[in-house]
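Each remark here refers to the structure printed beneath this line.
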Amino acid sequence: MSDATADPGARVGPGGQAGPGGQAGPGERAEPGGRPGRTAAAGVEHLEVLVVGAGMSGIGIACHLRRELPGKSFAILEARARLGGTWDLFRYPGVRSDSDLHTFGYAFKPWRDRQAIADGSRIRDYLRETAAEHGLDGAIRYRHRVRAASWSDERARWTVEVERTDTGESTTLTCDWLVAAGGYYRYDEGFTPAFEGRERFRGTIAHPQHWPDDLDHAGKRVVVIGSGATAVTLVPALAGTAAHVTMVQRTPTYVLPVNRNDALADALRRCLGERRAHALIRRRNVLLQSAFFRFCRRHPKAARRLIRRLNARRLPPGYPVDEHFRPPYEPWDQRLCTAPDGDLFTAVREGRATVVTDRIAAFTGTGVELASGRHVDADVVVTATGLNVRLLGGVALTVDGAPVRLADTVVFKGLMLSGVPNLALAIGYTHASWTLRIDLVGEHLCRLLRHMDARGLTACRPEPADPAMPTRPLFDLGAGYVRRAADELPRQGDRGPWRMSADYRADVRLLRDGSVSDPELRFG
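Okay, structure coming up:
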C-alpha cells in the first residue's frame, strides 16, 4: 500500500485526526503517550515503535519507552485477549516462577509480595499493575496477531501485516522500529512425543500448556510424564489432593530446594522502604545467581555433590537418590529446576508422590506401560513433555523483498539480527532471571533511538566485518526443546558484539554503559 504525502509539520491528534498545520503524512509522529498517527489518503497507521507481545518482555520494553522516550508513538500488539504472555497462558496447578521475583521482576518496579518464588496469579497481578502504573492499558491492542513484516530501505520503515484473532480481519501498519517481544516458544501448541497406544487410554490426557478448566484430579491416580520445570512444579501441586502422583521421567533433572519466601527481603523492606530495599535485594540476588552459575560451570563435580547432598537431606532414608535425581550431564548443561521449600521432596517423603525413572513403552487402557515391564495405573496422564520453540512468533520477515531465514542470521549484542534493519529482539537469560536482560535491552534500545533521533538517522543494520566468522547455536543449553529448534534459530558468533553473554555484569557494561555505536552497526 502506498502512503500519501502531507504537510511535514503536521501532528496527529487523538483518534488519528490531523492536528493544526495540515493532514498527517506517512512520516508523521503521533502525539506523546502512544497515540497513533494515521496517513491521510491510504489510511495506513504509522507508529515509531511497534512492540509485539504483551508479556513480561513486551510490558517491560514498553515501560522503558514510556519512561525514557515519552514523545515516541508506540503500540503493543498482543494475539491473546489478555496481557501476561506465559503467565496468562499457563494455568496448570501450582504454576509459578523458577526465579526469584526480585530479579525476575523489573528493576524499576519493586516486588512487594512476600513470596520470592511466586505463583502465576501473583505475577499476573504484578504485570497488570505495572502496565496500569505506566499508562499502557490504552497502548495494548488485544487479539492482534502479526503475520508478516517487510522492510523497505527506500522508505526506511516496516510494513506489518496484522490479523484480528477474533474476527479474522486483516490490517496493515507501518513502523520505524519493530520490537519482537513474544518470547521464544509456540503459544498454540506444546511438544508431545508420539506415544504408542495413546488412543487406548480410557482416562484423561492433558498438556500443561492447555490445561482444561474442568479437569478434576482430586482423589485420582495421576501420572506426570516429564522431568523439567513444569513437571517439578505440577507433582507437588497435584499431590495435595490426588490419590497419588507418579512422575515418570526418562532422564533425571537437577532439582534445587530454595526458600519460597525471603526473610531478609522482608526485613529490608521494613527498614529501608520498598524501593531502596528492592534495589539492594536485586543486587544481592544477581550476585548469588552469578556466583552459583560460575561455581557450577567451573567446579561441576563439587556442584553435583552439593545438589545431591541437599536432595538426600530432604528424601527418606535409603532413597535411591542417584537413580532419580542424578542427571547424566553437568549442572547448567540444561536448566536447573527449583523446588520452593523443597515441596517435591516433601511430597515424595510423605508418600504422596513417586518418582520413576524409565521409558514409556506404550499407553494402555488404564495407565502406562514402561520399558522395564512395569505398569503404572492412572486416571489422568499429564504430558509435561516440553515446549516447541518458535522465535518471533512465526512472523515472516522480508528485507527489500528478500525473505529472512533466521538460521542465516547472527545476533548482534543479543538484541538485533545481522542484515535486518530496525528490528530489536527481547531475549532474556536462560541461566538466570529472564527479565534481568530484558531491562538492559529496553534501556539500550531507548539509548539507540535517542542517538538516531539526535543525528537525524532513520535506519541501522548490523553487519559482521567478517562474513566467515565462526558461529554456534544461539542458546548454550542441551535441552530437548533447544536441540529440536537449533536449525530454525539465529546463531551467535565467537566474539563480541556477536556473542550472547550469560554474564549480567558483562551485559551491564555492554548494554547500559557501553556506546550504542559500533563499527559493525551501519547507520543510514
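If you count the sequence shown from 1, you need to add 29 to reach the numbering used here. Cβ atoms here follow ideal geometry from the backbone N, Cα and C, with glycine treated the same way.
- Per DSSP, the continuous alpha helix (DSSP H) segment holding phenylalanine 354 begins and ends at 350-354.
- Out of Ala168, Lys138 and Gly167, the CA that lies nearest to the CA of aspartate 154 is found in Lys138.
- For histidine 75, no alpha helix (DSSP H) encloses it; the enclosing beta strand (DSSP E) starts and ends at 74-81.
- Counting only runs of 3+ residues, the beta strand (DSSP E) found wholly inside the stretch 236-263 occupies 250-254, in chain order.
- Contiguous beta strand (DSSP E) elements confined to the stretch 95-130 occur at 103-107, taking only those with 3 or more residues.
- The three-state secondary structure of phenylalanine 441, taken from DSSP, is strand.
- Straight through space, the alpha carbons of aspartate 536 and glycine 402 are spaced by roughly 50 Å.
- Looking at the backbone, the Cα of leucine 550 and that of alanine 461 are separated by about 28 Å.
- Nearest to threonine 203 by alpha-carbon distance, out of His473, Gly396, Lys101 and Ser179, is Ser179.
- Counting of Cβ neighbours within 10 angstroms places serine 150 among the exposed residues, the total staying below 16.
- Taking the Cβ atoms as the reference, histidine 473 lies roughly 50 Å from leucine 399, outside the contact range of under 8 Å.
- Proximity to methionine 85 across Glu492, Met481 and Tyr213 peaks at Tyr213, based on C-alpha coordinates.
- Residue pairing of glutamine 278 in beta bridges, as defined by DSSP: Thr386.
- Boundaries of the alpha helix (DSSP H) harbouring glycine 149: 149-162, taken from the DSSP string.
- Counting C-beta atoms within 10 angstroms of its own C-beta, proline 450 has 16 or more neighbours from the protein chains shown and is therefore classed as buried.
- If you ignore the 5 residues before and after aspartate 195, its C-beta comes within less than 7 Å of the C-beta of Arg172, all in its own chain and listed in chain order.
- Cβ neighbours of glycine 394 within its own chain (closer than 7 Å, five residues either side excluded): Arg229, Phe230 and Arg231.
- Only residues of its own chain outside the window of five on either side were considered, and among them Ala272, His273, Asp406, Ala407 and Asp408 have a CB closer than 6 Å to the CB of arginine 250, listed in chain order.
- Shown here, aspartate 205 sits in a strand according to DSSP, grouped into three states.
- Unbroken alpha helix (DSSP H) runs of no fewer than 4 residues, entirely contained in the stretch 171-221, are not found.
- For histidine 404, the uninterrupted beta strand (DSSP E) run begins and ends at 404-406, by DSSP.
- Counting every other CB atom within 10 Å of its CB across the protein chains shown gives arginine 174 a total of 16 or more, marking it as buried.
- For proline 329, the secondary structure class from DSSP, reduced to helix, strand or coil, is helix.
- A residue is called buried when at least 16 other Cβ atoms come within 10 angstroms of its Cβ; serine 544 does not meet this threshold and is exposed.
- In this structure, glycine 422 sits near alanine 108, with a CB-CB distance shorter than 9 Å.
- Closest in alpha carbon position to serine 126, among Leu316, Ala145, Gly255 and Ala168, is Ala145.
- DSSP places threonine 375 in the helix class (H, G or I) of the three-state scheme.
- In this structure, DSSP gives phenylalanine 324 a helical state, which the three-state scheme calls helix.
- A contact between stretches requires three or more CB pairs, one per stretch, nearer than 8 Å, and the stretch 299-317 fails this requirement with the stretch 377-394.
- Using a 10 angstroms sphere on the CB of cysteine 300, the tally of other CB atoms stays under 16, which defines it as exposed.
- In terms of Cα proximity to glycine 72, the closest of Thr200, Gly100, Ile169 and Asp182 is Thr200.
- Judged by DSSP in its simplified three-state form, histidine 273 adopts strand.
- Phenylalanine 441 and alanine 332 have their C-alpha atoms some 32 Å from each other.
- Going by C-alpha positions, isoleucine 336 is about 25 Å away from threonine 464.
- Contact between the stretch 412-429 and the stretch 509-529 is present: 3 or more CB-CB pairs across the two stretches fall below 8 Å.
- The criterion of a C-beta distance shorter than 9 Å is not satisfied by glutamate 190 and glutamate 198.
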